[in-house]
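What follows is a single structure, written as structure tokens, with notes after it.
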Amino acid sequence: MLIVLPPSETKAPGGEMDGIDVSFPSLDPIRNEIMDDLAALDLDEMMSALKIPPTKREEAAENLSLREAPVMPAIYRYTGVLYDALSADTLPDPALARLAIGSALFGVVRAGDMIPRYRLSGGSSLPPQAQAAGVEAQKTAVPTMKARWGTAITDVLLSVDDLIVDMRSGAYQQLGPVPGAVTVRVESVQEDGTRKVVSHYNKHYKGELARVLATAPDADSVTDIEGVAAIAEGNGMTVEVDGNQLTLVV
121 MLIVLPPSET KAPGGEMDGI DVSFPSLDPI RNEIMDDLAA LDLDEMMSAL
171 KIPPTKREEA AENLSLREAP VMPAIYRYTG VLYDALSADT LPDPALARLA
221 IGSALFGVVR AGDMIPRYRL SGGSSLPPQA QAAGVEAQKT AVPTMKARWG
271 TAITDVLLSV DDLIVDMRSG AYQQLGPVPG AVTVRVESVQ EDGTRKVVSH
321 YNKHYKGELA RVLATAPDAD SVTDIEGVAA IAEGNGMTVE VDGNQLTLVV
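Structure (structure tokens):
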């Protein structure tokens, strides 16, 4: 089982000066192109193009020199509600090996991949170097992250032998949809018995589910959504199966 998590906008600072080291090398050409195009912009242009608020100027500046930036394992770089619930620092190595994270910059990375802090979202549009330099002949529509990644993320995830449990949010699923993957939806039961999609605590519950799945003794033998549901139910969770969609009822 490979559990693909969404990235977080907030990221921990710091790390070691060991250089970027990421899995799925077939994605490297696009990764390098994006990093080159970020570095080709001046800071104000980049913040405008990526709609980064002025309060994040210092963080945005790190986009200009990503290859020289300090790195740390991706699972510790990303922070926030989902990652708090996941509590990765208490997970054993086999559980960490079952985790991956979607990324607008890197496409997809494994938990232990060494990455810098960056500021780039799945819904961003980023001008290529020719546009950034003002080359008239190259002035066309600014490519979105979805256009830049094309089918590359999909192809990489389809090549993984394990069952994919895709917990990415909509924008990141669109960067690389995975046919046949188990997707996760979180719903709450209202007082009148109706259901409502959980928004505020969605990430928290996904983090809890990811932890339960990653640490399951039989995680490596699960091949279908029924096996995923059985692990969740065995840990006291209420789930429903509809095709490839797992609904976590809270």
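So in the numbering used here, spot 27 of the sequence shown is number 147, and the numbers just go up one at a time. Each residue gets a CB set at the ideal place from its N, CA and C atoms; glycine is no exception.
Cβ separation of V348 and V285, assumed to be a contact under 8 angstroms, to the nearest whole Å: Position 228 of the sequence shown, counted from the start, is the residue given in the question as residue 348. Position 165 of the sequence shown, counted from the start, is the residue given in the question as residue 285. Rounded, the Cβ-Cβ distance is 6 angstroms, consistent with contact.
Classification of K326 by the beta-carbon crowding that lies within 10 angstroms, buried from 16 upward: On the sequence shown, residue 326 is found 206 positions in, with the first residue counted as 1. With 16 or more Cβ atoms within 10 Å of its Cβ, K326 is classed as buried.
Where D213 sits in the DSSP three-state scheme: Numbered from 1 along the sequence shown, position 93 holds the residue referred to as residue 213. D213 falls in the helix class under three-state DSSP.
Where G327 sits in the DSSP three-state scheme: As a position in the sequence shown, residue 327 is number 207, starting the count at 1. Looking at G327 - three-state DSSP - the assignment turns out to be helix.
Limits of the unbroken beta strand (DSSP E) element including S96: One cannot answer for residue 96 here, as it falls past the ends of the chain, which runs 121 to 370.
Alpha-carbon spacing of T303 relative to E178, whole angstroms: If you number the sequence shown from 1, residue 303 lands on position 183. If you number the sequence shown from 1, residue 178 lands on position 58. If I take the Cα positions, the gap works out to 35 angstroms.
Validate contact between the stretch 151–160 and the stretch 238–252 using beta carbons, cut 8 angstroms, 3 pairs: yes
Exposure of D233, with buried meaning 16 or more beta-carbon neighbours within 10 Å: Position 113 of the sequence shown, counted from the first residue, corresponds to residue 233. Label assigned to D233: buried.
Beta strand (DSSP E) segment containing D286, residue limits: Position 166 of the sequence shown, counted from the start, is the residue given in the question as residue 286. Taken as a continuous stretch (DSSP letters only), the beta strand (DSSP E) holding D286 covers I284 to D286.
Nearest-angstrom beta carbon gap, E328 and R315 [assumed within contact, 8 angstroms]: Residue mapping note: residue 315 aligns to position 195 of the sequence shown, counting from 1. Residue mapping note: residue 328 aligns to position 208 of the sequence shown, counting from 1. With a Cβ gap of about 19 angstroms, R315 and E328 do not count as contacting.
Proximity below 8 angstroms, CB of T372 to CB of A215: Given that the chain is displayed from residue 121 to residue 370, the structure contains no residue 372 and the question cannot be resolved.
Contact with chain B by P236, beta-carbon distance below 8 angstroms: The structure shown contains no chain B; it is built from a single protein chain.
Buried versus exposed, by CB contacts within 10 Å (16 or more), G296: The residue given as residue 296 occupies position 176 in the sequence shown. When all chains shown are included, G296 counts as buried.
Whole-angstrom distance between L202 and H320, CA atom to CA atom: Counting from one through the sequence shown, the residue named residue 320 turns up at place 200. Counting from one through the sequence shown, the residue named residue 202 turns up at place 82. Distance between the alpha carbons of H320 and L202 is about 11 angstroms.
Continuous alpha helix (DSSP H) stretch holding I123: start and end: For the purposes of this step, residue 123 is taken as the residue at position 3 of the sequence shown. Element bounds for I123: not the alpha helix (DSSP H) but the beta strand (DSSP E), L122 to L125.
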